[in-house]
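With the numbering used here applied, the sequence shown corresponds to residues 163 to 404, in that order.
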Amino acid sequence: MSLKKTAMRMALAFAAAKGYQAFRKGGGMAGLKDRLAGAGGSSTTTAGSSSSGGLGGLLGSLGGGTTGAGSSGGLGGILSSLGGATGTARSGGMGGLLGGLAAMAGGSAMAQGSDADVMRRAEQGPQDEATAAAMIRAIGQAVRADGEIDAGERQALDDIMGDADTPEDQQAIRDALSEPLNPEALARDVPRGHEAEVYAAALTAIDPDASSERAYLQRFATALALDPQEIERLHVAAGKQA
């Protein structure tokens with residue numbers, strides 16, 4: 163069983179699912195074209211522009227300011243654009259989350275190469291199953307914070323379950339989706355020094371426009387003892403208002 167890979171897949175799936183929702187809210191392809199035209203056709207996005215939503219904002223916030231980082235394609239390209247620049251667990255937002263998982267699974271070099279290379283390095287890397295387990299639980303709780311799992315979230319979960327390597331991985335996801343919503347109890351199980359990573363995992367699964375989901379994140383941040391500046395940095399990096 164490798165909870166690291168399961169946590170990575172959940173984070174990627176929800177980053178994609180929520181990014182698509184933001185894309186639609188931002189006006190779809192027409193909205194994206196308008197924003198690109200307004201930017202003079204530049205392929206580089208600043209961190210501040212991520213608040214505009216849509217695919218352009220998603221790429222800007224997840225890629226750390228440039229869409230070119232993920233040009234290698236496949237999962238390797240996604241990891242490169244999301245977290246490969248620093249490879250540190252504390253770099254923030256979804257980039258920090260996936261960069262941290264990449265570091266756990268063999269360092270920033272994991273952000274390069276083919277999908278098979280990425281998964282192989284994940285299997286060979288140092289173990290930090292406790293942090294990965296907390297990330298899975300954080301996503302499982304955050305996705306239910308509004309009292310329901312919508313169609314897009316259900317599709318993401320079905321895809322993750324189908325890709326799970328072992329029955330134990332599938333059970334870890336089921337457990338995360340069935341345990342009571344208790345961010346305080348979850349925070350007590352987060353390994354010391356990995357609070358920002360686990361919070362960022364929860365952040366991938368929430369809709370910032372939903373007051374119940376924002377309230378859950380606020381409780382979780384308080385329980386994790388994250389300072390306001392850290393919270394703001396994570397939200398800015400993820401393109402989601404605090």
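Don't be surprised by glycine CBs; every beta carbon is placed ideally from N, CA and C. Quantities reported herein were computed from a predicted structural model and do not represent experimental measurements.
Inter-residue CB distance, residue i and residue j (contact presumed, cutoff 8 Å)
{"i": "residue 397", "j": "residue 403", "result": "6 Å"}
{"i": "residue 334", "j": "residue 295", "result": "7 Å"}
{"i": "residue 375", "j": "residue 308", "result": "5 Å"}
{"i": "residue 382", "j": "residue 345", "result": "4 Å"}
{"i": "residue 306", "j": "residue 339", "result": "7 Å"}
{"i": "residue 180", "j": "residue 369", "result": "7 Å"}
{"i": "residue 387", "j": "residue 304", "result": "Actually they are not in contact, since the Cβ atoms of residue 387 and residue 304 sit about 18 Å apart, beyond 8 Å."}
{"i": "residue 168", "j": "residue 298", "result": "6 Å"}
{"i": "residue 337", "j": "residue 175", "result": "With a Cβ gap of about 18 Å, residue 337 and residue 175 do not count as contacting."}
Limits of the unbroken alpha helix (DSSP H) element including residue i
{"i": "residue 345", "result": "345-350"}
{"i": "residue 359", "result": "357-366"}
{"i": "residue 398", "result": "390-400"}
{"i": "residue 375", "result": "373-386"}
{"i": "residue 340", "result": "329-340"}
{"i": "residue 109", "result": "Here the chain has residues from 163 to 404 only, and residue 109 is not among them."}
{"i": "residue 313", "result": "313-325"}
Residue i burial status per 10 Å Cβ neighbour count (16 or more: buried)
{"i": "residue 312", "result": "exposed"}
{"i": "residue 253", "result": "Residue placement at residue 253 cannot be trusted, given a pLDDT of 42 that sits under 50; what the coordinates show is reported in the next sentence. That one is buried."}
{"i": "residue 292", "result": "exposed"}
{"i": "residue 164", "result": "buried"}
{"i": "residue 384", "result": "exposed"}
{"i": "residue 290", "result": "buried"}
{"i": "residue 265", "result": "Interpretation of residue 265 is limited by its pLDDT of 48, a score under 50 that renders its predicted location unreliable; the figure taken from the coordinates is listed afterwards. With 16 or more Cβ atoms within 10 Å of its Cβ, residue 265 is classed as buried."}
{"i": "residue 350", "result": "exposed"}
{"i": "residue 173", "result": "buried"}
Does the pairing of the stretch 310-327 with the stretch 349-357 give three or more beta-carbon distances under 8 Å?
no
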